[in-house]
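Peer 1: Each step along the sequence shown adds one to the number in our numbering, with nothing skipped, and position 45 is 45. Where a beta carbon is used, it is the ideal one built from N, C-alpha and C, also for glycine.
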Amino acid sequence: MAYYRPPGPPPDPALMRSLTEKQHEMRQRVRAELLPREPRLIAGCDSSFPTPDTILSVFVVLKFPSLELVEKVYSYGPVDMPYVPGFLSFREAPNVIHAFAKLENKPDVIMKLFRKSAFD
Numbered sequence: 001m002a003y004y005r006p007p008g009p010p011p012d013p014a015l016m017r018s019l020t021e022k023q024h025e026m027r028q029r030v031r032a033e034l035l036p037r038e039p040r041l042i043a044g045c046d047s048s049f050p051t052p053d054t055i056l057s058v059f060v061v062l063k064f065p066s067l068e069l070v071e072k073v074y075s076y077g078p079v080d081m082p083y084v085p086g087f088l089s090f091r092e093a094p095n096v097i098h099a100f101a102k103l104e105n106k107p108d109v110i111m112k113l114f115r116k117s118a119f120d
C-alpha cells in the first residue's frame, strides 16, 4: 500500500552527517561468505508504515526448499526517526530487530524487500 509523504523540511545537516558516517562504517563490515550448507530455513521480512507515526515489521519463516510455513511474527510500534531519503534502513531497522527477536526458529537466510521510493 502506497502512502503519500508530503514534503517536509529538509533533514537536519547534523543528522545527515551522522547517518552518512554510520552507513560508511557499516559498509566496511559487510562480508560476503558462502553458506556452510544448504539453508534449512529461510525468512522474508518487510516493514510498512500504517500511519506517519507507526511502523509494522513482519518476518515469515519457511522450510527450504519446500517453502512450508514454519512461523510468522510481527512488531508494531512508534517510528523513532523521520523519513530521510537514502536512509530508510535506519528508520526500519529498530523495529525489524524487535520482530526478529520474537522468532523461535532463526533462519539461515533472510531476504529483505527494498523498494525504491518515488521520494528518493
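Once the 5 residues before and after Ala-99 are set aside, which same chain residues still bring their CB inside 8 angstroms of it?
Peer 2: Cβ neighbours of Ala-99 beyond the five flanking positions: Cys-45, Ser-57, Val-58, Phe-59, Val-73, Tyr-74, Ser-75.
Peer 1: Given Ile-110, which residues of its chain have a CB within under 7 angstroms of its CB, disregarding the five upstream and five downstream residues?
Peer 2: Excluding sequence neighbours, Ile-110 sits near Ala-43, Cys-45.
Peer 1: So, helix, strand or coil for Val-79, using DSSP?
Peer 2: Val-79: coil per DSSP, three-state reduction.
Peer 1: Who are the near neighbours of Asn-105 in its chain, counting only those whose CB is closer than 7 angstroms to its CB and skipping five residues on each side?
Peer 2: Excluding residues within five positions, the ones whose Cβ falls inside 7 angstroms are Leu-41, Val-61, Val-70, Glu-71.
Peer 1: So, with DSSP's three-state summary, where would you put Glu-71?
Peer 2: Strand at Glu-71.
Peer 1: Using three-state DSSP, classify Ser-66 as helix, strand or coil.
Peer 2: Coil, per DSSP.
Peer 1: With 16 as the cutoff for other CB atoms within 10 Å, does Glu-33 come out buried or exposed?
Peer 2: Exposed, since its Cβ has fewer than 16 Cβ neighbours within 10 Å.
Peer 1: Thinking Leu-19 and Phe-90 are a contact (beta carbons under 8 angstroms), I'd like their distance in whole angstroms, please.
Peer 2: Indeed they touch by this definition, with Cβ atoms about 6 angstroms apart.
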